[in-house]
Structures are given as C-alpha cells and as structure tokens.
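Peer 1:
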Amino acid sequence: MAVSHSHIRTKKLQQANLQQRRLWWAEGKRWVNLRITTRALKTIQKKGLGAYAKSLGINLAKL
Numbered sequence: 004m005a006v007s008h009s010h011i012r013t014k015k016l017q018q019a020n021l022q023q024r025r026l027w028w029a030e031g032k033r034w035v036n037l038r039i040t041t042r043a044l045k046t047i048q049k050k051g052l053g054a055y056a057k058s059l060g061i062n063l064a065k066l
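All letters in the sequence shown, in the order written, are residues 4 to 66 by our numbering.
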C-alpha cells in the first residue's frame, strides 16, 4: 500500500516477476522454453524441472 505525503493510501497492483527462460529437461533430453516466475526458478533449482512440473500437473512433452 502506497502512502502519500497527505497519508492518502492507494492500492498498488503488483505483478509477478516473469522471465523467459530456456531450461534443460533431463528426462526428455531436450530444451524447453518457459515463461516462468523467479520464485518458480528457485524451486526448479531445488527440486528439478521434471519433479516441479509433475507436482503442478504440467506435461512438458507438449511444450
């Protein structure tokens, strides 16, 4: 919430930090182009792309 000099509060719409990334999918042995948030990138570094996609129900073979 942004507060001006006169203390009038305004709601600020925050958007996700989306990045266009080309990630290696080891199980499929190919590159996958994704538009993904930086938070999801950190999770992929921790779990791996295949496990993360499976937990979300995303079929990487269609991408």
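Glycine is no exception: its CB is placed at the ideal position from the N, C-alpha and C atoms.
#1: Roughly how many angstroms separate the alpha carbons of Lys32 and Thr40, rounded to a whole number?
#2: Using three-state DSSP, classify Leu59 as helix, strand or coil.
#3: Which residue marks the beginning of the beta strand (DSSP E) containing Leu26, and which one marks its end?
#4: Looking at the secondary structure, which residues open and close the alpha helix (DSSP H) in which Ile47 lies?
Peer 2: Straight from the coordinates:
#1: Taking the CA atoms as reference points, Lys32 sits about 23 angstroms from Thr40.
#2: Three-state result, Leu59: helix.
#3: 21 to 28 is the extent of the beta strand (DSSP E) around Leu26.
#4: The continuous alpha helix (DSSP H) containing Ile47 extends over residues 41 to 50.
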